[in-house]
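Heads up: the structure comes next, in structure tokens.
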DNA sequence: ATCTTAGCTGAATCGTGCA
DNA sequence: TTGCACGATTCAGCTAAGA
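Protein chains in written order, with full-length UniProt numbering: chain A, 1 to 360; chain B, 1 to 360.
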């Protein structure tokens, strides 16, 4: 129950102006669900405030696309400014707008990491039978630049998917039933996103305590899931009516207990153990023979933690690579010791070292 | 240059120049598989040490995003000119290029009708564990303009999908095995598309006798399927080696009787539900204790869908097996939640997930 | 002949930390 | 900034060889 009210902020206002007031490099993750209906002339204002004015069809369409692009570039510019260098940006859209958004964020220097398909299990049919049932929406996940580092909880995603790598297509139902926010019995927001979708995004690309921003808050799904997962949150929304819904909803959301927020981390997060530490603690002794699983090569442990194979000596990794004539090798899993005729990877010894010497 | 029947033509040359020589409004359907501009780095190694056979061909290299955009605008301009007013344009791509292509074709006046996701049933994994498995490609289907009429064989698509409307996500395997064109035992083209994909496109958006154009012919999949379905065809390809493959392939393709259409793939088996989906939907919450029927073991659910038993964490199946010291375990029936003193297998929650979220 | 298993491969923007 | 050592990391389907 760590999340204090101060960690969950909703700001009423225009998303571009509001983001302009936030400090640079202060946000870990941005999830954006921008408007995509290009025909809503009233929704699309030129930066100087004038309304898009239709002249004839062709001109109007060009002008609408251009105005939408300008709007997209403007909010992406602010998003980029307030995003930390290792932060992530997610945008969701449909074929009406996602190609323009994707091109604009590439132009702005963002580096696409994946496009994700939200495959709706229960989409609305195409009633007229004139096209394919539009059964998905597209999300783009990107880092701040080509070389930028970014957060990705690979093992948590794998755990969430029954120990198979999480794919770029996600089958998730539409937000319906009890989860759908209602006002006077009618849906409170036309495009409320399912919490399952945001749960996956936030679990994949942020950690507890991170600052998450949603510049197009709407009914507040991102805020509700951020609170549930112990993330800090800022939501920006222009419409007072939506803010009322989101505030009520986020207030009702409950953070899960902190120790349940633990996720699978994988070996990269574990303390590094030099092979030599096994010798220093007597878990392995100089002179011990090492061999690969098929006993094709046989090396010998030396007192300084190097191993010798024929005339060559070096680290468990280097000699493993040399033996196979491979560019690299994980010596921990390649080399084995033999006990009573059974082979055991030296990684088991590293495991023992960690529990016996590093646990406390 | 031309292959057997007069209406199957392959032209060697640059696609823009060649299209410029074709008459205006002469083509019913264009299927384009342009270079993706992948921008790959160095070699990529699989975990076991082998190297991924990457697309490193010169034809996929562009100096900049701007150069790629210019190329895209140029071929789209010619495509637009030679397309009949009620013709259709399909383009396939990945996140590397598809957003630029989509924006460019909207700018050129094309009207997007659907974006289609080719969901690969057997994609290459992400070997380094750095991103989501890139498991799909995207196709854009558009008409010549907003008001243009276009061809769509709605009932053929519905029949192909067990009398359900064809959706915008198509599950189709990669082109492998006997279908994959080989030269000297090696793949003839790095990006050969599966015939199932083109079959669906051509069946949906053209009729027998229509003129189909593929400006980036490659190994000739579009031509082979066009012939099979009794469509006329023009393919354009720059590389002589690919033309040789495509000519041989198209020559071997046989037109089918139109009533002998390939049977549609049945609906997939009952959807697999990852344990993590229960968390995403709130059917179970992080921190919930799980126990076996005899309450001998007690584990705790974590936010990523793994469960923790003592110091160990992993999938419901793995931890169930570990607890009993068994080689395997069905976690769905082994683990239970407790409500008012009564134990209930988590399989009941999976059942609820299926009825509440996957039924429609 | 039939079953099992090892091996290979597919449009891929595929690492981190310290000296 | 660059260089180098450490050592993390894979799914489905087909094919050919072995049992």
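The beta carbon of each residue, even a glycine, is placed where N, CA and C say it ideally should be.
Fair warning: this is a prediction, and the values are worked out from it, not measured in the lab.
Original post:
Of the residues B:349, B:215, B:288, which one's Cα is nearest the Cα of residue 83 of chain B?
Top reply: B:215
Original post:
Just curious, the alpha helix (DSSP H) that residue 205 of chain A is in, first and last residue?
Top reply: For residue 205 of chain A, the enclosing alpha helix (DSSP H) has its first and last residue at 195-205.
Subject >> Near-chain B residues of the stretch 228-262 of chain A (beta-carbon distance less than 8 Å), N- to C-terminal order >> reply: 229, 256, 257, 259, 260, 261, 262
**OP:** Helix, strand or coil for residue 66 of chain B, going by three-state DSSP, please let me know.
**Re:** It is helical.
Original post:
Would a check of beta-carbon distances place residue 388 of chain A closer than 8 Å to chain B?
Top reply: Only positions 1 to 360 of chain A appear in this structure, which leaves residue 388 of chain A out of reach.
Original post:
Below 8 Å between beta carbons: does that hold for residue 10 of chain B and residue 217 of chain B?
Top reply: yes
Original post:
Taking DSSP as the reference, what is the three-state secondary structure of residue 276 of chain B?
Top reply: helix
**OP:** Taking residue 287 of chain B as the query, report the chain A residues whose CB atoms sit under 8 Å from its CB, ordered along the chain.
**Re:** 256, 257, 259, 260
**OP:** Note down, in chain order, all residues in the stretch 114-136 of chain A with a beta-carbon under 8 Å from any beta-carbon belonging to chain B.
**Re:** 114, 115, 116, 117, 119, 121, 122, 123, 125, 126, 129, 130, 131, 132, 133, 134, 135, 136
Original post:
Which word fits residue 311 of chain A, buried or exposed, when buried means at least 16 other C-beta atoms lie within 10 angstroms of its C-beta?
Top reply: exposed
Subject >> Proximal residues of chain A, C-beta to C-beta of residue 68 of chain B below 8 Å >> reply: Within chain A, no residue comes near residue 68 of chain B; the closest Cβ sits about 10 Å away, beyond 8 Å.
Subject >> residue 116 of chain A vs residue 168 of chain A beta-carbon contact at 8 Å >> reply: yes
Original post:
From residue 314 of chain A to residue 302 of chain B, what distance separates their C-alpha atoms?
Top reply: 41 Å
Subject >> Inter-stretch contact at 8 Å, needing at least 3 Cβ pairs: the stretch 88-98 of chain B / the stretch 133-145 of chain B >> reply: Verdict: yes, contact present.
Original post:
How should residue 2 of chain A be labelled, buried or exposed, when 16 other C-beta atoms within 10 angstroms of its C-beta is the threshold for buried?
Top reply: Below a pLDDT of 50, predicted positions are generally treated as unreliable, and residue 2 of chain A, at 43, falls in that range; the measurement from the model is reported next regardless. By the C-beta density criterion, residue 2 of chain A is exposed, having fewer than 16 other C-beta atoms within 10 angstroms.
Original post:
Got a sec: which bits of the stretch 293-307 of chain B sit with their beta carbon under 8 Å from any beta carbon on chain A, in order along the chain?
Top reply: 300, 301, 302, 303, 304, 305, 306
**OP:** Tell me whether the beta-carbon of residue 364 of chain A lies closer than 8 Å to the beta-carbon of residue 307 of chain A.
**Re:** Residue numbering for chain A in the displayed model covers 1 to 360; residue 364 of chain A lies beyond these limits and cannot be assessed.
**OP:** Within the stretch 85-144 of chain B, note down every full alpha helix (DSSP H) run reaching 4 residues or more, in order along the chain.
**Re:** Counting only unbroken stretches of 4 or more residues, the alpha helix (DSSP H) elements lying wholly within the stretch 85-144 of chain B are 98-107, in sequence order.
Original post:
Listing by chain order, which chain A residues have their CB less than 7 Å from the CB of residue 333 of chain B?
Top reply: Residues of chain A whose Cβ lies closer than 7 Å to the Cβ of residue 333 of chain B do not exist; the shortest such Cβ separation is about 15 Å.
**OP:** Note down, in chain order, every chain B residue with its Cβ under 9 Å from the Cβ of residue 30 of chain A.
**Re:** Going along chain B, no residue has its Cβ under 9 Å from residue 30 of chain A, so there is no contact; the nearest lies around 18 Å.
Original post:
What are the boundary residues of the alpha helix (DSSP H) that residue 167 of chain B is part of?
Top reply: Here residue 167 of chain B belongs to no alpha helix (DSSP H), and DSSP marks it neither H nor E.
Original post:
Measuring CA to CA, which of B:78, B:238, B:343, B:157 is closest to residue 201 of chain B?
Top reply: B:157
Subject >> Among A:358, A:80, A:225, A:196, nearest to residue 252 of chain A - alpha-carbon criterion >> reply: A:225
**OP:** Per DSSP, which residues does residue 285 of chain B bridge with? Please list them.
**Re:** The partner list for residue 285 of chain B (beta bridge, DSSP) is empty, contrary to what the question assumes.
Subject >> Reference residue 170 of chain B; option with closest CA among A:304, A:256, A:132, A:160 >> reply: A:132
Subject >> Three-state class that DSSP yields for residue 338 of chain B in the structure shown >> reply: Reduced to three states, the DSSP call for residue 338 of chain B is strand.
Subject >> Unbroken alpha helix (DSSP H) run spanning residue 231 of chain A, endpoints >> reply: It is not in any alpha helix (DSSP H) - residue 231 of chain A carries neither H nor E in the DSSP assignment.
Subject >> Where residue 33 of chain B falls: helix, strand or coil (DSSP) >> reply: In this structure, residue 33 of chain B counts as coil in the three-state DSSP scheme.
**OP:** Please say whether residue 32 of chain B and residue 99 of chain A have beta carbons closer to each other than 8 Å?
**Re:** no
Original post:
Where does the unbroken beta strand (DSSP E) through residue 162 of chain A begin, and where does it stop?
Top reply: Unbroken run through residue 162 of chain A: none, as it is neither H nor E.
Original post:
Of all the CB atoms in chain B, is at least one closer than 8 Å to the CB of residue 271 of chain A?
Top reply: no
Subject >> Buried or exposed (CB count within 10 angstroms, at least 16 for buried), residue 275 of chain B >> reply: buried
Original post:
What's the C-alpha gap between residue 267 of chain B and residue 322 of chain A?
Top reply: Low per-residue confidence applies at residue 267 of chain B: pLDDT is 36, beneath 50, and the placement is therefore not dependable enough to give any value.
Original post:
So, residue 331 of chain A versus residue 320 of chain A, is the Cβ gap smaller than 8 Å?
Top reply: yes
**OP:** Could you tell me whether the stretch 180-187 of chain A touches the stretch 206-213 of chain A, using the rule of 3 or more Cβ pairs below 8 Å?
**Re:** no
Subject >> C-alpha distance - residue 443 of chain A paired with residue 354 of chain A, whole-angstrom precision >> reply: Coverage of chain A is limited to positions 1 through 360, which leaves residue 443 of chain A absent and any answer about it impossible.
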